[in-house]
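Student:
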Amino acid sequence: MSDKTSRHLRENSPQRTGAVATQRADSDAAHRIRAVFADAGCTGWLHARRCDDSADEITVRGTERVVTASVYKLPLVLAFCRAVDEGRIDPAARLTVDPAECTTGPTGLAALHDPVTLSRRDLATSMMTVSDNAAADVLLGELGIGALHALLDELGLTATRIVGGTADLHRALIRDTDTHSTAEAFAALADLDEAWSVSAYDPAFTSATTPEETTRLLRAVWAGAVLSPGQTAFVQSVMRKQVWPHRIAAAFPHRGVAVAGKTGTIGTIRNEAAVVEFPGEHPVAVAVFTRAARAEPVLPAVDAAIAEAARIAVTALRRPLPEPEFWPPLR
18 MSDKTSRHLR ENSPQRTGAV ATQRADSDAA HRIRAVFADA GCTGWLHARR
68 CDDSADEITV RGTERVVTAS VYKLPLVLAF CRAVDEGRID PAARLTVDPA
118 ECTTGPTGLA ALHDPVTLSR RDLATSMMTV SDNAAADVLL GELGIGALHA
168 LLDELGLTAT RIVGGTADLH RALIRDTDTH STAEAFAALA DLDEAWSVSA
218 YDPAFTSATT PEETTRLLRA VWAGAVLSPG QTAFVQSVMR KQVWPHRIAA
268 AFPHRGVAVA GKTGTIGTIR NEAAVVEFPG EHPVAVAVFT RAARAEPVLP
318 AVDAAIAEAA RIAVTALRRP LPEPEFWPPL R
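Per the numbering used here, the very first residue in the sequence shown carries number 18; after that it's consecutive.
#1: Taking one C-beta from the region 294-308 and one from the region 225-236 each time, how about it: are there three or more such pairs within less than 8 Å?
#2: Between which residues of its own chain and Ala127 is the CB-CB distance below 7 Å, once the five residues before and five after are set aside?
#3: Inspect the CB distances between the region 241-249 and the region 95-107 and report whether three or more fall short of 8 Å.
#4: Closest to Ala225 by CA distance: which of Lys90, Asp56, Arg49, Asp73 is it?
#5: According to the Cβ coordinates, are Ala86 and Ile286 closer than 8 Å?
#6: Excluding sequence positions up to five away, which residues of its chain have a Cβ less than 7 Å from the Cβ of Leu129?
#7: May I have the straight-line CA-CA distance separating Asp185 from Pro337, to the nearest angstrom?
#8: To the nearest whole angstrom, what separates the beta carbons of Ala46 and Ile329, a pair I think is in contact under 8 Å?
#9: Exposed or buried, Arg105, counting other C-beta atoms within 10 Å across all chains shown (16 or more means buried)?
#10: Can you list, in chain order, the residues of its chain with a C-beta nearer than 7 Å to that of Leu169? Leave out the 5 residues immediately preceding and following it.
#11: What's the gap between the Cα of Trp111 and the Cα of Thr199?
#12: Check the C-beta distance from Met145 over to Leu156 and give it rounded, since I have them as a contact under 8 Å.
#13: Between His197 and Val215, what straight-line distance do the alpha-carbon atoms span, to the nearest angstrom?
#14: Using alpha carbons as the reference points, say which of Ala277, Val319, Pro262 lies closest to Gly61.
#15: So, Val53 versus Ala322, is the Cβ gap smaller than 8 Å?
#16: Judging by CA-CA distance, which residue of Thr223, Cys59, Asp69, Asp131 is the nearest neighbour of Trp239?
#17: Less than 7 Å between the CB of Phe203 and some heavy atom of the ligand COA, yes or no?
#18: Just to confirm, is the Cβ distance from Ala327 to Leu206 under 8 Å?
#19: Which residues mark the beginning and the end of the beta strand (DSSP E) in which Phe97 is found?
#20: Anyone know if the C-beta pair for Ser148 and Pro108 falls short of 8 Å?
#21: Along the alpha helix (DSSP H) that carries Thr80, what are the first and last residues, could you check?
#22: In whole angstroms, what is the alpha-carbon distance linking Gln253 and Gly278?
#23: In the DSSP assignment, what residue or residues form a beta bridge with Phe203?
#24: Helix, strand or coil for Leu135, going by three-state DSSP, please let me know.
#25: To test your reading of the DSSP string, which unbroken alpha helix (DSSP H) runs of 4 or more residues are found completely within the region 100-187?
#26: Beta-carbon separation of Ala324 and Glu294 under 8 Å?
#27: Alpha carbons only, please: which of Arg66, Asp102, Pro123 is nearest the one belonging to Arg138?
#28: Just reading off the beta strand (DSSP E) that Thr232 is part of, what are its end residues?
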């Protein structure tokens with residue numbers, strides 16, 4: 018066989034042509050995602066991968082560091098569950114929290130009027146399902162920031178760093194905006210006549226990660242490589258119960274499709290990381306981080322862009338699970 022013929026066969030083998038087609042599809046998906054962000058008037062970062070052993074991915078600036086906002090609660094819940102696995106925390110142990118002494122927030126414990134007694138496991142549930150700032154800071158206070166750093170280091174997530182909880186973030190906002198309360202700080206951020214450059218928007222000074230490390234973490238969790246089977250199931254369950262339907266979940270309103278996610282929002286920052294689960298298919302992890310030009314409390318166009326970007330990426334990566342092998346019974 019001539020060298021020319023041999024080269025032709027290699028270049029046109031099913032494996033090679035399939036790989037080239039996949040690369041072209043991934044490139045097309047990334048191009049479409051960039052257009053979605055541009056149309057919404059925001060800067061966007063995205064990474065998506067299947068929860069399998071493949072190297073297939075969709076990435077748009079996926080290795081750049083981005084602000085986590087409340088997506089930091091994902092490594093926090095994992096650190097909590099690791100402490101449960103190691104016997105350092107009793108998840109059923111109860112404690113009483115006074116809303117008057119809590120970190121402020123629109124949901125969860127901070128929205129209540131009277132002291133409430135609940136288990137630490139329910140604190141974690143509230144933190145993940147309704148992004149409860151107060152519950153998160155209570156758990157972080159019990160675990161210590163070092164527990165998160167140790168877990169991230171163990172998993173090799175070197176670009177992900179959590180510098181504090183929501184109360185710490187609020188104090189930084191008050192300082193940066195030269196205001197006297199969290200409410201005044203957020204009102205200042207939302208003032209379209211002012212151009213604010215605050216540490217909460219800079220991944221060099223606040224809690225930060227990369228989209229790629231976020232999906233790597235989600236894939237490891239879904240593979241059962243981070244926690245015990247029981248705690249893995251707990252994390253998956255509370256993420257599937259997240260109540261916010263306006264970002265990634267809006268892209269997959271189909272019966273039988275589960276979206277296990279965690280949002281993050283502060284000022285111009287709107288994010289979500291999730292695992293999308295279609296029946297009979299490999300789950301797909303996707304992380305979308307955005308920064309808008311405005312800090313308005315509601316920006317439907319950016320939320321819709323997060324959904325559409327996730328839909329494009331997940332659709333490009335969907336693959337069926339392998340068919341189970343059935344062996345004939347021995348006679």
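Glycine residues also receive a C-beta, built at the ideal position from the N, C-alpha and C atoms.
Tutor: Based on what the coordinates show:
#1: yes
#2: Once the five neighbours on either side are set aside, the close Cβ partners of Ala127 are Pro116, Cys119, Thr120, Thr121, Asn150, Ala151.
#3: yes
#4: Of the residues Lys90, Asp56, Arg49, Asp73, the one whose Cα lies closest to the Cα of Ala225 is Lys90.
#5: yes
#6: Excluding positions up to five away in sequence, the list reads Pro116.
#7: 44 Å
#8: Yes, they are in contact, since the Cβ atoms of Ala46 and Ile329 sit about 5 Å apart, within 8 Å.
#9: exposed
#10: Pro92, Thr177
#11: Note that residue 111 is Arg in the sequence shown here, rather than Trp. Cα to Cα, Arg111 sits roughly 29 Å from Thr199.
#12: Incorrect: roughly 11 Å between the Cβ atoms, too far for contact.
#13: Cα-Cα distance, rounded: 15 Å.
#14: Val319
#15: yes
#16: Asp69
#17: The ligand COA is absent from the structure shown, which contains no ligand whatsoever.
#18: no
#19: Taken as a continuous stretch (DSSP letters only), Phe97 belongs to no beta strand (DSSP E), being part of the alpha helix (DSSP H) at 90-102.
#20: no
#21: Per DSSP, Thr80 belongs to no alpha helix (DSSP H) and is neither H nor E.
#22: 9 Å
#23: The partner list for Phe203 (beta bridge, DSSP) is empty, contrary to what the question assumes.
#24: Leu135 falls in the strand class under three-state DSSP.
#25: 137-146, 150-160, 162-171
#26: no
#27: Out of Arg66, Asp102, Pro123, Asp102 has the C-alpha closest to the C-alpha of Arg138.
#28: Where Thr232 is concerned, there is no enclosing beta strand (DSSP E), although the alpha helix (DSSP H) it sits in stretches over 228-239.
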